[in-house]
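*Asks:* Please read through the structure below; I'll follow up with questions.
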Amino acid sequence: RGMGDFFERLQKASRLYDNNAPVYLRSHPLTVERISDMQSRAQESPYRQVVSSLEFNLVRAKLRAQQGTPREAVGDFEVLVRDRKSASQAAARYGLVYALLRAKDVPAAQREFEALRALKVSSPMIAGLGAELRSSVGDTAGAQLIYRDALQRFSQSKSLVYGYVAALQAAHQYDQAVRFVDEQLQLDLADFKLYALQAKNYAALGQRLQQHRAQAESYLLQGQLAQAVEQLEYAQKSPDGSFYEQSAVDARLRELRKRLLDDDKRKKNGG
6 RGMGDFFERL QKASRLYDNN APVYLRSHPL TVERISDMQS RAQESPYRQV
56 VSSLEFNLVR AKLRAQQGTP REAVGDFEVL VRDRKSASQA AARYGLVYAL
106 LRAKDVPAAQ REFEALRALK VSSPMIAGLG AELRSSVGDT AGAQLIYRDA
156 LQRFSQSKSL VYGYVAALQA AHQYDQAVRF VDEQLQLDLA DFKLYALQAK
206 NYAALGQRLQ QHRAQAESYL LQGQLAQAVE QLEYAQKSPD GSFYEQSAVD
256 ARLRELRKRL LDDDKRKKNG G
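Per my numbering: the sequence shown = residues 6 to 276.
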């Protein structure tokens, strides 16, 4: 239902560009007929009220808490909590805690977090916020405990996974972080952030070959093939790898160099 309005705004904005319009607008002209078609389809579709989920409200609160100055954000959420103007009191409390953390008022953030916990709502975002609070006062052990417990309940939560790795890094437990990331990569080999985290931990351990090897995979998953090749070339020159590790790097480097060469040929041929 908002699609017609959205593209009407986009069409008005495109007039300001004249011939310098973005490629998307040039290749997808927004004719009046197309906008009218969207509006007609919306009118023919039966209305269905969708209730916003807790996670939606929490994400919205987190974004709102990042707007303006920290004190302005705190003031906004204090009003929402006090006057119960938010559709979700849990989200309002969550946003207030996040805003107080931005304002570096940790004691107040901790008090509000206890009020949030009293609402008896369960979410990986709330658990992660609790761990952030522990980390903010230097309690990395407490943060790790929260992350481990939350991951038992929300094993698919990426934010908890990344947060737990960060907590291990903060405690200089790089070996444990490497093992944990390895376990996570067995579940999802397409997560470029995990490879980037792995690279940071290997760097902290002084394992240069593995550092560059992991960073190469992170770049590759982001479509940065040339950078991935460069990282593997660094890995190839690293003196700290075993024969097996060096062989794996050599094989992967040959594979990616071939892909890079094929890409260059396609570009030259206009493909």
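Ideal Cβ positions, reconstructed from N, Cα and C, are used throughout, including at glycine.
Look at A279 and Y239 and say whether their C-beta atoms are less than 7 angstroms apart.
*Replies:* Outside the shown range of the chain (6 to 276) lies residue 279, about which nothing can therefore be said.
*Asks:* Based on Cα-Cα distance, which residue from A18, Q203, G80 and L59 lies nearest to A92?
*Replies:* Checking every option, the nearest Cα to that of A92 belongs to L59.
*Asks:* Count the other C-beta atoms from every protein chain shown that fall within 10 angstroms of the C-beta of Q184, then say buried if there are 16 or more, exposed otherwise.
*Replies:* With the sequence shown as reference, residue 184 is identified as Arg, and Gln is not the correct amino acid for it. Counting Cβ neighbours within 10 Å, R184 comes out exposed, since fewer than 16 surround it.
*Asks:* Between which residues of its own chain and D193 is the CB-CB distance below 8 angstroms, once the five residues before and five after are set aside?
*Replies:* Same-chain partners within the cutoff: L199.
*Asks:* If you follow the alpha helix (DSSP H) that T145 is in, where does it begin and where does it stop?
*Replies:* T145 -> alpha helix (DSSP H) spans T145 to R158.
*Asks:* Please name the residue, chosen from Q215, D268, D81 and Y103, that lies closest to Y249 on a Cα-to-Cα basis.
*Replies:* Nearest of Q215, D268, D81 and Y103 to Y249, Cα basis: Q215.
*Asks:* Enumerate, from N- to C-terminal direction, the unbroken alpha helix (DSSP H) stretches of 4 or more residues contained entirely within the stretch 208 to 270.
*Replies:* Runs of the alpha helix (DSSP H) inside the stretch 208 to 270: 213 to 226 and 230 to 242.
*Asks:* Hey, would you say the C-beta of S164 is under 6 angstroms away from at least one heavy atom of the ligand ZN?
*Replies:* No copy of the ligand ZN appears in this structure; indeed no ligand is present at all.
*Asks:* In the DSSP assignment, find the unbroken alpha helix (DSSP H) run with V102 in it and report its ends.
*Replies:* Taken as a continuous stretch (DSSP letters only), the alpha helix (DSSP H) holding V102 covers Q94 to R107.
*Asks:* If we ignore side chains and look at the alpha-carbon of each, how far apart do Q94 and L258 end up?
*Replies:* Rounded to whole angstroms, Q94 to L258 spans 53 angstroms at the Cα level.
*Asks:* Under the assumption that F118 contacts G143 (Cβ atoms under 8 angstroms), give the Cβ distance between them as a whole number of angstroms.
*Replies:* So it is not a contact: roughly 17 angstroms between Cβ atoms.
*Asks:* Could you give the DSSP three-state label for K17: helix, strand or coil?
*Replies:* Three-state DSSP puts K17 in a helix.
*Asks:* Indicate whether Q203 and V186 have their beta-carbon atoms separated by less than 7 angstroms.
*Replies:* Yes, these two residues count as a Cβ contact at 7 angstroms.
*Asks:* Quick check: the stretch 38 to 49 against the stretch 62 to 80, are at least 3 beta-carbon pairs closer than 8 angstroms?
*Replies:* Short answer: they don't touch.
*Asks:* Considering only the alpha carbon of each residue, which of G100, A108, R107 and K109 lies closest to A120?
*Replies:* Looking at the Cα atoms, G100 is the closest of the given residues.
*Asks:* Could you compute how far the alpha carbon of A148 sits from the alpha carbon of Y169?
*Replies:* Roughly 8 angstroms separates the two Cα atoms.
*Asks:* Quick one: grab the DSSP three-state call for K205.
*Replies:* Note: K205 maps to helix in three-state DSSP.
*Asks:* Which residue wins for smallest C-alpha separation from E83, given the options V64, A113 and V56?
*Replies:* Comparing Cα positions, the closest option is A113.
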